[in-house]
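A.B. asks:
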Amino acid sequence: MDDLYTTKQVQDLLQVDRTTIYRMLKDGRLTGIKIGKHWRFSQEEVQNLLSGGTAARTKPENKPVSTEVLPLYCVRTIQEVFAELAEVGVVTTEMDGTPLTDISNSGRFCNLIYGSESGQLACMASWRKLAQSAEKRTPFVPCHAGLQYARARIEVHEEATAMLFAGQFYIEPPDPAEQSARVRELAFKHGLDPTELAEAAQDISILDERKRNEIGAWLERVAGTFEHVGRERADLLDRLQRIADMSAFNDVNP
2 MDDLYTTKQV QDLLQVDRTT IYRMLKDGRL TGIKIGKHWR FSQEEVQNLL
52 SGGTAARTKP ENKPVSTEVL PLYCVRTIQE VFAELAEVGV VTTEMDGTPL
102 TDISNSGRFC NLIYGSESGQ LACMASWRKL AQSAEKRTPF VPCHAGLQYA
152 RARIEVHEEA TAMLFAGQFY IEPPDPAEQS ARVRELAFKH GLDPTELAEA
202 AQDISILDER KRNEIGAWLE RVAGTFEHVG RERADLLDRL QRIADMSAFN
252 DVNP
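Numbering-wise (my numbering), the sequence shown opens with residue 2 and increments by one.
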């Protein structure tokens, strides 16, 4: 972290009074951090202002960009509303496919598969595969079980942080013989009752193109909301870290 100026030092450097400093803070021309009752200002930003530049708005150094910046209680609530409105299964995962949330509005067919250890690993592998795509949002593609799903990447300060998936449906009626064979294979692979799994498969939704387009648009909007929340939380964590660093500095330099 760079050294910090006091309010008085900034006043002297910019040749302005204290009221002007507070006005600059309010309108965004200057940024600072508040430690107790006192403001502190980045030397780099103040020097930039002195040289005729503007206040820095770039990503702060050492900004925590990880799933820690996503408040899961908020993510779960929004995800559940999205899943119920869209009538599809929705889950948020880390970039390696590890789920951050339970699957919202998950159908019986997927619950049976996901309830087995091997089935859960297969689902995570399908999610992880889409993480490799460079696209911000992928088109709907089949998962390991033959159901359709799409992914929106959640980015915080231009860093891929998590993924939001929506799916668990068909885009057209499956061929009965092909579906029967696939269900038997899945049941054998994951140690499931083939009759129970076949019955559950009859309840899988078939979505038309209009509905898929709607879900794709909602997927982007929800991911965008998560990104906004993540940026706000990352900024807060960064400020708290700066305060902690300054407190530690003061403790060793009385």
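All C-beta atoms, glycine included, are put in the ideal place defined by N, C-alpha and C. It should be emphasised that the depicted structure is a prediction, and the values quoted were computed from it without experimental measurement.
#1: Considering only the beta carbon of each residue, do ALA151 and GLY217 sit closer than 9 Å?
#2: Please name the residue or residues paired with SER1 in a DSSP beta bridge.
#3: For SER105, which of helix, strand or coil comes out of DSSP?
#4: Could you pull the DSSP bridge partners for ILE155 from this structure?
#5: To the nearest angstrom, how far is the alpha carbon of ASP239 from that of PHE42?
#6: Straight-line CA distance for GLU215 to VAL17?
#7: Might you give, ordered along the chain, the residues of its own chain that have their beta carbon closer than 8 Å to the beta carbon of GLU173, omitting 5 neighbours on each side?
#8: Roughly how many whole angstroms lie between the Cα atoms of ALA224 and GLY33?
#9: Can you tell me whether LEU220 is buried or exposed? The criterion is at least 16 other CB atoms within 10 Å of its CB, across all chains shown.
#10: Below 8 Å, how does it come out for the stretch 92-99 and the stretch 112-121: are there three or more Cβ pairs, yes or no?
#11: Quick check: ASP322 and ARG129, are their CB atoms within less than 9 Å of each other?
#12: Can you find the residues in the same chain that come closer than 7 Å, C-beta to C-beta, to SER119, ignoring five residues on each side of it along the sequence?
#13: Out of LEU51, ILE104, ASP194, which one is the CA nearest neighbour of THR78?
#14: Compare the C-alpha of GLU233 against each of ALA161, ARG185, THR162, VAL157 and name the closest.
#15: Do you know offhand how far LYS137's Cα is from GLY147's?
#16: My output table needs one value for LEU5: the three-state DSSP class, helix, strand or coil.
#17: What are the partner residues of GLY90, as DSSP defines its beta bridges?
#18: Assuming ALA167 and HIS145 are in contact, meaning their beta carbons sit under 8 Å apart, how far apart are those beta carbons, in whole angstroms?
#19: Check the DSSP bridge columns for TYR150 and list the partner residues they point to.
C.D. replies: Judging by the given coordinates:
#1: The residue given as residue 151 occupies position 150 in the sequence shown. The residue given as residue 217 occupies position 216 in the sequence shown. Less than 9 Å separates the beta-carbon of ALA151 from that of GLY217.
#2: Since the first and last residues shown for the chain are 2 and 255, residue 1 lies out of range.
#3: Numbered from 1 along the sequence shown, position 104 holds the residue referred to as residue 105. In the three-state DSSP reduction, SER105 falls in the strand class (E or B).
#4: Reading the sequence shown from its first residue, position 154 is the one you call residue 155. ILE155 is bridged to ALA163.
#5: Here residue 239 refers to the residue found at position 238 when the sequence shown is read from its first residue. Here residue 42 refers to the residue found at position 41 when the sequence shown is read from its first residue. Whole-angstrom Cα-Cα distance: 15 Å.
#6: Reading the sequence shown from its first residue, position 214 is the one you call residue 215. Reading the sequence shown from its first residue, position 16 is the one you call residue 17. Cα to Cα, the separation comes out at about 54 Å.
#7: On the sequence shown, residue 173 is found 172 positions in, with the first residue counted as 1. Excluding residues within five positions, the ones whose Cβ falls inside 8 Å are ILE207.
#8: Sequence index remark: in the sequence shown, residue 224 carries index 223 (1-based). Sequence index remark: in the sequence shown, residue 33 carries index 32 (1-based). The straight-line gap from Cα to Cα measures roughly 30 Å.
#9: Sequence index remark: in the sequence shown, residue 220 carries index 219 (1-based). Residue environment analysis places LEU220 among the buried positions, since at least 16 neighbouring C-beta atoms fall within 10 angstroms of its C-beta.
#10: No, because fewer than three Cβ pairs between the stretch 92-99 and the stretch 112-121 fall closer than 8 Å, the two stretches do not touch.
#11: The chain is shown only over 2 to 255; residue 322 falls outside these bounds and no answer can be derived.
#12: As a position in the sequence shown, residue 119 is number 118, starting the count at 1. Sequence-distant partners of SER119 (beyond 5 residues in either direction) whose C-beta falls short of 7 Å from its own C-beta, in its chain, are LYS190, HIS191.
#13: Locating residue 78 in the sequence shown gives position 77, where the first residue counts as 1. Minimum Cα distance to THR78 is reached at ILE104.
#14: For the purposes of this step, residue 233 is taken as residue 232 along the sequence shown, with counting starting at 1. It is VAL157 whose Cα lies nearest to the Cα of GLU233.
#15: Start at 1 with the first residue of the sequence shown, and residue 137 comes out as number 136. Start at 1 with the first residue of the sequence shown, and residue 147 comes out as number 146. So the two alpha carbons sit approximately 23 Å from each other.
#16: The residue labelled residue 5 in the question sits at position 4 within the sequence shown. If DSSP states are grouped into helix, strand and coil, LEU5 belongs with the strands.
#17: Position 89 of the sequence shown, counted from the start, is the residue given in the question as residue 90. Residue pairing by DSSP places GLY90 opposite GLY168 in a beta bridge.
#18: The residue labelled residue 167 in the question sits at position 166 within the sequence shown. The residue labelled residue 145 in the question sits at position 144 within the sequence shown. Actually they do not touch by this definition, with Cβ atoms about 17 Å apart.
#19: For the purposes of this step, residue 150 is taken as the residue at position 149 of the sequence shown. As a beta-bridge residue in DSSP terms, TYR150 pairs with VAL142, GLY168.
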